Amino acid sequence: PLGSARGKFIILSDNKEFQGFGMDYNSCDIQDDYNLKTNWDLYSKWEKIKSHLEKAINGDKNTMYINYLSGSGGSFPYFVASGHSSRGTSAPRLATGLTTPLFTNSYPDFPRISCLIGICTIAFEGTNILTKDKIIEYNTDGKKFKRTVGVIIADFPGDLLIDTIIQNNKFLEK
757 PLGSARGKFI
767 ILSDNKEFQG
777 FGMDYNSCDI
787 QDDYNLKTNW
797 DLYSKWEKIK
807 SHLEKAINGD
817 KNTMYINYLS
827 GSGGSFPYFV
837 ASGHSSRGTS
847 APRLATGLTT
857 PLFTNSYPDF
867 PRISCLIGIC
877 TIAFEGTNIL
887 TKDKIIEYNT
897 DGKKFKRTVG
907 VIIADFPGDL
917 LIDTIIQNNK
927 FLEK
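Numbering (the numbering used here), first residue to last: 757 to 930.
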């Protein structure tokens, strides 16, 4: 079973020549909707990531779930990962162009920033930060995982996402 793979190096292959060597990539349940036509497709990408996290938690324990946080196409990979306006770590988040209270229900998981007299800018948030926050949320309020969130594949993961995934694995009941 997959539990025996924990903590080991696993080879995934979709090459017919290597059948019997490693694990068949095509037997995995994969979310890899990487093609974003514009920056405004980022929230749709996030919804797919979030849905796949839930699927990994609640799905068949004998299935390997792979969740790609990355994206490109009409958006830069650093933007998909971070939501930032440029590739620098300290770059500001890019604004969606929407504000509250008029668009309060739009992009509910994206942050509200630069608030003034009750009007806030809705900013983009990267898939790495959203995923980190969601995994932390799963492990709060006395909840204890009985399952993993699956294999997370990310561009520019950063210490916080990596540490959160490692800590999540420590929460798993054996």
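We put the CB at the ideal spot given by N, CA and C, even for glycine.
Since the structure is predicted, the reported quantities are computational estimates derived from the model, not experimental observations.
Reduced DSSP secondary structure (H/G/I, E/B, other) of Thr-877: strand
Thr-887 classed as buried or exposed, judged by whether at least 16 other C-beta atoms fall within 10 angstroms: buried
Cβ-based neighbour list, Cys-876, same chain, cut-off 8 Å, excluding 5 preceding and 5 following: Thr-855, Thr-856, Arg-868, Ile-869, Ser-870
Own chain residues within Cβ distance below 7 Å of Tyr-781, not counting five before or after: Leu-768, Ser-769, Asp-770
Where the beta strand (DSSP E) containing Thr-904 begins and where it ends: Careful: Thr-904 lies outside any beta strand (DSSP E) and carries neither H nor E.
Minimum C-alpha distance to Asp-816 - residue among Gly-914, Asp-797, Val-905: Val-905
Of the residues Lys-890, Thr-896, Gln-923, Asn-895, the one placed nearest Lys-806, counting alpha carbons only: Lys-890
Status (buried if at least 16 other CB within 10 Å, exposed otherwise) for Leu-858: exposed
Rounded separation between Asn-925 and Ile-909 - CA only: 15 Å
Test item: CB-CB of Phe-835 and Thr-852 under 7 Å: no
Residues bridged to Thr-855 (per DSSP): Thr-877
Cβ-based neighbour list, Ile-786, same chain, cut-off 6 Å, excluding 5 preceding and 5 following: Ile-822
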